[in-house]
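What follows is a set of notes on a single structure, which appears directly below.
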Amino acid sequence: MDSGSDSAPTKLNLGGSSFEEQRTAILKDLDGGKVYAEISPKERGDVKDALARISGALQAPTGVQGLNDEEKARVFNDQELVNSILTRAGEDSRLVCTREKKVGSHRPTTQCLTVAERRRMAEAGQDLMRQQKIPLRGNN
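Letter by letter, the sequence shown follows residues 17 to 156 of the working numbering.
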């Protein structure tokens with residue numbers, strides 16, 4: 017059973033609605049901790065820095081059209097950085113629920129974890145199995 021989060025990740029699009037509206041929505045989602053719960057503090061800072069740089073570049077009254085090619089490239093690169101981090105974080109924050117029967121019980125229970133939590137649990141299990149060094153007995 018797959019249950020999506022309450023709201024989808026916001027994608028930054030300079031051609032659509034007002035940049036400031038999108039920036040405000042992204043910052044609200046980042047600070048809310050629900051949509052981007054799995055984003056690291058470093059990536060959270062990178063997104064905020066990139067949004068600040070884009071906001072500064074778009075302060076001119078002509079907007080994107082008033083930027084020279086080098087400034088447009090910087091804005092585009094920052095936009096791509098924001099979109100890639102937010103997309104990956106949004107996917108990792110997606111909630112996945114499974115119904116499982118506990119050992120010795122016939123009653124199923126629902127267990128909900130984010131994609132990132134499930135991945136961390138699987139990696140921890142694999143690491144534990146690698147660390148278990150069970151000596152093999154010889155034929156005595």
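Note that beta-carbon positions come from the ideal geometry of N, C-alpha and C, so glycine has one too.
Small disclaimer: the values here were computed from a predicted structure and weren't measured.
Residue from the options with nearest C-alpha to residue i
{"i": "ASP108", "options": "ARG136, GLN38, THR40 and LEU74", "result": "ARG136"}
{"i": "LYS58", "options": "GLN81, THR78 and LEU97", "result": "LEU97"}
{"i": "GLU36", "options": "MET145, ARG153, LEU74 and ARG123", "result": "LEU74"}
{"i": "SER56", "options": "ASN99, ALA105, ILE42 and ILE70", "result": "ALA105"}
CA-to-CA distance, residue j to residue i, given in whole angstroms
{"i": "ASN84", "j": "THR126", "result": "55 Å"}
{"i": "LEU102", "j": "GLY82", "result": "27 Å"}
{"i": "GLU133", "j": "GLU87", "result": "39 Å"}
{"i": "LEU43", "j": "CYS113", "result": "28 Å"}
{"i": "ASP22", "j": "LYS50", "result": "Residue confidence is low: ASP22 scores 48 on pLDDT, short of 50, so the model does not pin down where it sits. Its coordinate-derived value is still stated next. Cα to Cα, ASP22 sits roughly 8 Å from LYS50."}
{"i": "SER121", "j": "GLN148", "result": "29 Å"}
{"i": "VAL119", "j": "GLU139", "result": "23 Å"}
{"i": "GLY141", "j": "GLU54", "result": "20 Å"}
{"i": "GLU116", "j": "ASP65", "result": "43 Å"}
{"i": "MET145", "j": "ARG60", "result": "33 Å"}
{"i": "THR78", "j": "SER34", "result": "13 Å"}
{"i": "ALA41", "j": "ALA89", "result": "24 Å"}
{"i": "ASP47", "j": "VAL80", "result": "27 Å"}
{"i": "ASP143", "j": "ARG69", "result": "40 Å"}
{"i": "SER100", "j": "ALA76", "result": "26 Å"}
Proximity below 9 Å, CB of residue i to CB of residue j
{"i": "GLN52", "j": "ASP62", "result": "Correcting the residue identity first, residue 52 is Tyr in this sequence and not Gln. No; because the gap between Cβ atoms is not below 9 Å, this pair is not in contact."}
{"i": "VAL131", "j": "ARG110", "result": "yes"}
{"i": "LEU129", "j": "ASP94", "result": "no"}
{"i": "ARG123", "j": "SER71", "result": "no"}
Boundaries of the beta strand (DSSP E) in which residue i is found, first to last residue
{"i": "GLN127", "result": "124-130"}
Alpha helix (DSSP H) segment containing residue i, residue limits
{"i": "LEU67", "result": "57-73"}
{"i": "GLU168", "result": "Residue coverage of the chain in this structure runs from 17 to 156, which leaves residue 168 outside it and unanswerable."}
{"i": "GLN95", "result": "85-108"}
Min CB distance residue i to chain B below 9 Å
{"i": "ASP47", "result": "You won't find chain B in this structure, because it holds only one protein chain."}
Residues bridged to residue i [DSSP beta-bridge criterion]
{"i": "ILE115", "result": "The residue asked about is misnamed: residue 115 is Arg in this sequence, not Ile. According to DSSP, which records beta bridges pairwise, ARG115 is partnered with THR126."}
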